[in-house]
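Trainee: In my numbering, the protein residues as written are 979 to 1489. Don't be surprised by glycine CBs; every beta carbon is placed ideally from N, CA and C. Handing you this structure, nothing more for now.
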């Protein structure tokens, strides 16, 4: 197969294809959120399984991104992109046909493999196509906007599909989009690779995947086991030990999957922290708010998805504005300020209850979406501008890993905090004689039970269940706000305001 596109020197067309690829995998990170009540009813999924349906995709993606980025540098980013899109389409078709929650979790994990192949190639290709710093920053800004918009548009498109088709349609829609992206890649996207191709770091791959998987699995299962249970303690201890072993191995390895010395670069580490915190809190918020719209506000799946539009719009606009602000006031003020605005939006969102008008919720989402948009684009440019162009795949993989690990932990942390508070509140005498244990596992089960009760009993029980849900939502939103604010403080200290202009592609540009 030719390594060159049919139409050469079409950077804008190539960028459009790259953005389409990253858009479809970003949509799939959240498209299932609005389907959670449907999946709970159709497949009998409890809260832990719902978390895994969301997290299996991002967890596998996060675990494999570093290796996939290294392999794309070695074997060629264009071919890697098209192969990943083909695998993503195939596994999406499988996910649409399963008939159990566990099977869907497995299919989502397989989709994560395809997404892991796609994601690091996108920024790597952009960095090689747009070699001048100013056009590159604009291209990365558009890329970041597409990622953020994809994450926010996922629930909207999912809601529309659920209202018109069966639940599997939320996965089938990926197939034509991936096909168009593959065709565009063949036509317009040039190939690039690292001229010095190191061998694959197999121990690093295994250690990173095991450490990340163990950490997230423990966070998700902790509410069921108990936060002080021996299994929870052992899970956190094991994940810490394995990830420490990964860092130690990478420092000693002659061909590391991740050169951990890059984290000594304040631009690189500050940007990575900002991306992680931003997507952790965004995914945590979306996981809870989509259920709030459907269970508390009684919106349909599509109505719930459409009501997330302010997040998508504000992320897109702020992602384009962010690089322009950096030129005026520097990266530190923009990124730290964006995280602070995001934290304020989350704290405000924690005040929502059953009577809160949608206009107020929309304002909250505009605030937090705008904060994220201001954060992500400059933070991504800080990461990619810290490494040489030949190492663009690995740099992209680190950026994408922090993004996906943040999103995975966001669902795990917000979901676990929510589940702990929600289940802890369902212990009142109003629920005597009802299947409380089952109601604690899933809000969908609780609503099913309520639907079978006499009208005079259903009202008080619904009030107790809704109050428990709102308490869980409030605490999880405040936890996310605290994480965003803490990250803003650290980033304000860590991230340099300006990069060195004389070395746009240093191997390690220490600012």
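According to DSSP, is residue 1009 helix, strand or coil?
Mentor: The answer is coil: DSSP assigns residue 1009 none of H, G, I, E or B.
Trainee: Would you decide whether residue 1418 is buried or exposed? Buried here means 16 or more other CB atoms lie within 10 Å of its CB.
Mentor: So residue 1418 ends up on the buried side.
Trainee: Please report the straight-line C-alpha distance between residue 1141 and residue 1015, rounded to a whole angstrom.
Mentor: Their backbone Cα atoms lie some 13 Å apart in a straight line.
Trainee: Tell me the rounded alpha-carbon separation between residue 1489 and residue 1245.
Mentor: Because the pLDDT of residue 1489 is 35, which lies under 50, any placement of that residue in the model is unreliable, and the number read from its coordinates should be weighed accordingly. Each residue's Cα considered, the two are about 7 Å apart.
Trainee: Take residue 1114 as the anchor and find which of 1462, 1424, 1359 has the nearest alpha-carbon.
Mentor: Here the closest residue by C-alpha is 1359.
Trainee: Is the region 1073-1085 touching the region 1183-1201, taking contact as three or more C-beta pairs under 8 Å?
Mentor: They do not touch, by the three-pair rule.
Trainee: Would you report the Cα separation of residue 1179 and residue 1340, rounded to the nearest angstrom?
Mentor: The alpha-carbon atoms of residue 1179 and residue 1340 are separated by roughly 46 Å.
Trainee: I'd like to know whether the C-beta atoms of residue 1451 and residue 1270 end up nearer to each other than 9 Å.
Mentor: Contact flag set, yes.
Trainee: Name the two residues that bound the continuous alpha helix (DSSP H) containing residue 1336.
Mentor: Element bounds for residue 1336: 1336-1362.
Trainee: Quick check: the Cα distance between residue 1184 and residue 1380, rounded to an integer number of angstroms?
Mentor: Distance between the alpha carbons of residue 1184 and residue 1380: 18 Å.
Trainee: My output table needs one value for residue 1119: the three-state DSSP class, helix, strand or coil.
Mentor: Residue 1119 falls in the helix class under three-state DSSP.
Trainee: Suppose the cutoff is 6 Å on Cβ atoms and the five residues either side in sequence are ignored; what does the same chain contact list for residue 1317 look like?
Mentor: Once the five neighbours on either side are set aside, the close Cβ partners of residue 1317 are 1353, 1462, 1465, 1466.
Trainee: Report all residues from its chain with a CB closer than 7 Å to the CB of residue 1444; omit the five preceding and five following residues, and keep chain order.
Mentor: Same-chain partners within the cutoff: 1274, 1332.
Trainee: My understanding is that residue 1300 touches residue 1355, with C-beta atoms under 8 Å, so please give their C-beta distance in whole angstroms.
Mentor: Indeed they touch by this definition, with Cβ atoms about 4 Å apart.
Trainee: Determine the extent of the alpha helix (DSSP H) in which residue 1468 is found, giving its start and end residues.
Mentor: 1433-1472 is the span of the alpha helix (DSSP H), which, as asked, contains residue 1468.
Trainee: Going straight from the alpha carbon of residue 1261 to that of residue 1388, what length do you get?
Mentor: So the alpha carbons of these two residues sit roughly 5 Å apart.
Trainee: Taking a contact to mean a Cβ-Cβ separation below 9 Å, would you say residue 1063 touches residue 1160 in this structure?
Mentor: Contact flag set, yes.
Trainee: DSSP three-state call for residue 1277: helix, strand or coil?
Mentor: Three-state DSSP puts residue 1277 in coil, outside helix and strand.
Trainee: Between the Cα of residue 1122 and the Cα atoms of 1236, 1078, 1291, which residue gives the shortest distance?
Mentor: Minimum Cα distance to residue 1122 is reached at 1291.
Trainee: Secondary structure at residue 1330, three-state DSSP: helix, strand or coil?
Mentor: In the structure shown, residue 1330 sits in coil (DSSP, three-state: anything other than H, G, I, E or B).
Trainee: When the Cα atoms are used, what is the spatial distance from residue 1285 to residue 1396?
Mentor: Approximately 21 Å, taken between the alpha carbons.
Trainee: For residue 1153 and residue 1071, what's the separation of their Cα atoms in angstroms?
Mentor: Roughly 7 Å between the two C-alpha positions.
Trainee: How would you write the range of the alpha helix (DSSP H) that residue 1302 sits in, first residue to last?
Mentor: Note, residue 1302: alpha helix (DSSP H), 1287-1307.
Trainee: Along the chain, which unbroken stretches of the alpha helix (DSSP H) at least 4 residues long are found entirely within the region 1068-1114?
Mentor: Qualifying alpha helix (DSSP H) stretches, in chain order: 1079-1107.
Trainee: Spell out a yes or no on whether the region 1430-1442 and the region 1027-1039 are touching, meaning 3 or more CB-CB pairs, one atom from each, closer than 8 Å.
Mentor: In short, these stretches do not touch, since the Cβ pair count stays below three.
Trainee: Between residue 1427 and the rest of its own chain, which residues show a CB-CB distance below 8 Å, the 5 nearest in sequence each way excluded?
Mentor: Once the five neighbours on either side are set aside, the close Cβ partners of residue 1427 are 1412, 1413, 1416, 1417, 1439.
Trainee: Cα separation between residue 1100 and residue 1139?
Mentor: Going from the Cα of residue 1100 to the Cα of residue 1139 covers about 27 Å.
Trainee: In angstroms with no decimal places, state the Cα-to-Cα distance between residue 1242 and residue 1110.
Mentor: Near 25 Å, if we compare the C-alpha coordinates of residue 1110 and residue 1242.
Trainee: Is it true that the CB of residue 1319 sits closer than 9 Å to the CB of residue 1345?
Mentor: Taking 9 Å as the Cβ cut-off, residue 1345 and residue 1319 qualify as a contacting pair.
Trainee: Determine the DSSP secondary structure at residue 1133, reduced to helix, strand or coil.
Mentor: Three-state result, residue 1133: helix.
Trainee: Here's the rule I'm using: 16 or more other beta-carbon atoms within 10 Å means buried, otherwise exposed. How should residue 964 be labelled?
Mentor: This structure cannot settle anything about residue 964, because the visible part of the chain is limited to 979 through 1489.
Trainee: Could you pull the start and end residues of the alpha helix (DSSP H) that residue 1215 belongs to?
Mentor: Start and end: 1208-1230.
Trainee: Do you know offhand how far residue 1202's Cα is from residue 1391's?
Mentor: When rounded, the distance between both Cα atoms is 13 Å.
Trainee: I need the straight-line Cα distance from residue 1167 to residue 999, nearest angstrom please.
Mentor: Their backbone Cα atoms lie some 12 Å apart in a straight line.
Trainee: Quick one: what's got a C-beta closer than 7 Å to residue 1095's C-beta in the same chain, skipping five residues either side?
Mentor: These residues qualify, in order along the chain: 1046, 1058, 1061, 1062, 1065.
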